[in-house]
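Everything below concerns the one structure shown next.
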Amino acid sequence: MAQVVFSRVFYWRWWLFGLLIILLSLWGYIKLKNPDVLPIRTVKIVGDYNFVARQLLIKKIMPFVHGGFFSINISKIQGAALAFPGVKEVYVKRVWPQTIIINIQPEKILGRWADHYLLTDSGNLVMIKDQKIRDQYLPLFTAPLGDELKIVNFYQQSLPLLKQLPWQVKNVMLSDGLQWSIRFNNNTIVKLGQRDVQLRLQRLAEVFPQLFANSAKRVNYIDMRYTKGMTVKWQTQQA
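Note that the sequence shown covers residues 3 to 241 in my numbering.
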């Protein structure tokens, strides 16, 4: 009989001990979720995002930077930053005891769009805020609004072939009739048409060393809109 009573007392002690642990854990969780416990005092924004408007980005993020070290909502900060044009990835890290670091990874800039925008590799248009970026040599993209991704896909697919030519790309153009053409830094224009543009560009890269090695600077335009051949117009010699 005594052994049964002892077992019951032992059982109840362990049950009460377990309940106490649960209550203490719950109290601790509630306490740590209190925004007044270890409130965030320092916010550091890092990353190579010089083409992103810094002040506007901070203004977008800061409404979500409130609370304590444990209660601050990291996902809302990430979501606010990712919604900003030109931002590709966001990493937020807590640093004990009252700091968070927001690491901004931007999208890659491919070139300029009109006079005041940059086109990213995700097809987003970002307003130019930094004069240093404006002064960089970047190709100009000309196309109807809404065709940004067509430009991105064409340019990225064409880059390996374009690098085989001795010219720099000055302007990539897509007309309203979906005709592709490229203007280079020596003002030579290559007309590619609507279809098989990559095959036509590849054909140009293959024959270029033989046909234009000694006369590349004198080419006015090259029309590749033929099944097998091409038309070349040479610059007129000025006296």
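Backbone N, C-alpha and C fix where the C-beta goes; we use that ideal spot for every residue, glycine too.
No experiment lies behind these values; they were computed from the predicted model shown.
{"Item": "Applying the criterion that 16 or more other CB atoms from any shown protein chain within 10 Å of the CB defines a buried residue, is S183 buried or exposed?", "Value": "buried"}
{"Item": "Just to check my reading of the structure: N126 and G70 have Cβ atoms closer than 8 Å, yes? What is that Cβ distance to the nearest angstrom?", "Value": "Not quite, the Cβ-Cβ distance comes to about 34 Å (not below 8 Å), so this is no contact."}
{"Item": "Where does G231 sit, in a helix, a strand or coil, going by DSSP?", "Value": "coil"}
{"Item": "Terminal residues of the continuous alpha helix (DSSP H) containing R202?", "Value": "199–214"}
{"Item": "Bridge partners for Y223 per DSSP, in chain order?", "Value": "I191, K235"}
{"Item": "Hey, M232 and L194 are a contact pair by Cβ (cut 8 Å); roughly how many whole angstroms apart?", "Value": "No, M232 and L194 are not in contact; Cβ-Cβ is about 11 Å, not under 8 Å."}
{"Item": "Keeping to the same chain, check which residues put their C-beta closer than 6 Å to that of L163; ignore five residues upstream and five downstream.", "Value": "L203, Q204, A207"}
{"Item": "Suppose contacts are defined by Cβ-Cβ distances below 7 Å. Is L121 in contact with A145 by that definition?", "Value": "no"}
{"Item": "With respect to the alpha helix (DSSP H) encompassing N155, which residues constitute its N-terminal and C-terminal limits?", "Value": "150–164"}
{"Item": "Please tell me whether I102 and V45 are closer than 7 Å, where the distance is taken between their beta carbons.", "Value": "yes"}
{"Item": "Out of curiosity, what's the CA-to-CA distance linking I47 and R56?", "Value": "9 Å"}
{"Item": "Looking at C-alpha atoms only, which residue of L140, Q200, D178, N155 is the closest neighbour of V171?", "Value": "L140"}
{"Item": "Is it the case that the Cβ atoms of A85 and I63 are separated by a distance below 7 Å?", "Value": "no"}
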